[in-house]
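Heads up: the sequence shown at position 90 corresponds to 104 in the working numbering, and the numbers run straight through without jumps. Glycine included, each C-beta is placed from N, C-alpha and C at the ideal position. None of the values given here were measured: they were computed from a predicted structure.
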Amino acid sequence: DAPDLDPAIADWWDRYDTRFGEPPDSFAMEGYRSADMLVRALENAGRELSVDSLITALQGLGDYTDMFGYELHFGPRDHSGVHQSVLSTVVNGRWQKSGETVSY
Numbered sequence: 015d016a017p018d019l020d021p022a023i024a025d026w027w028d029r030y031d032t033r034f035g036e037p038p039d040s041f042a043m044e045g046y047r048s049a050d051m052l053v054r055a056l057e058n059a060g061r062e063l064s065v066d067s068l069i070t071a072l073q074g075l076g077d078y079t080d081m082f083g084y085e086l087h088f089g090p091r092d093h094s095g096v097h098q099s100v101l102s103t104v105v106n107g108r109w110q111k112s113g114e115t116v117s118y
């Protein structure tokens, strides 16, 4: 079973573990986040999808927070998404921050 997590994350965790036979790692979380952002942007772009409408929809995501609490920010002049990072490691099966958040 998933560790003591928010119910939505625990559900995703358990479904992932059942399907792939191992608990999700950071790459699984990155994949989920990327797919979720793309689906949201495609929905916002509408049926008349074009490169321009998809770019506009991605920029229109603005402040995005995934179910894990990770924040990304997008806009017409901001395509990087990330403006801060923190080094983390797994200790006894739990993510632990290894340092302070670094903004850039």
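Terminal residues of the alpha helix (DSSP H) in which residue i lies
i, result
"Y46", "40–59"
"F34", "21–34"
DSSP state of residue i mapped onto helix, strand, coil
i, result
"S67", "helix"
"L131", "For residue 131 there is no data in the structure shown, the boundaries of the chain being 15 and 118."
Alpha carbon of residue i to alpha carbon of residue j, nearest angstrom
i, j, result
"P1", "Y78", "This structure does not reach residue 1, given that the chain is present from 15 up to 118, and the question cannot be answered."
"W26", "D20", "10 Å"
"Y30", "M81", "15 Å"
"H87", "E36", "31 Å"
"E57", "N106", "39 Å"
"E62", "S112", "46 Å"
"D18", "D28", "12 Å"
"V53", "L72", "10 Å"
"R33", "S117", "36 Å"
"G95", "V65", "19 Å"
"I23", "R91", "32 Å"
Test item: CB-CB of residue i and residue j under 8 Å
i, j, result
"G89", "G76", "yes"
"L68", "A49", "no"
"Y84", "R108", "no"
"S102", "Q110", "yes"
Where the beta strand (DSSP E) containing residue i begins and where it ends
i, result
"G95", "92–95"
"V104", "102–105"
"D18", "Taken as a continuous stretch (DSSP letters only), D18 belongs to no beta strand (DSSP E), as it is neither H nor E."
"D77", "77–79"
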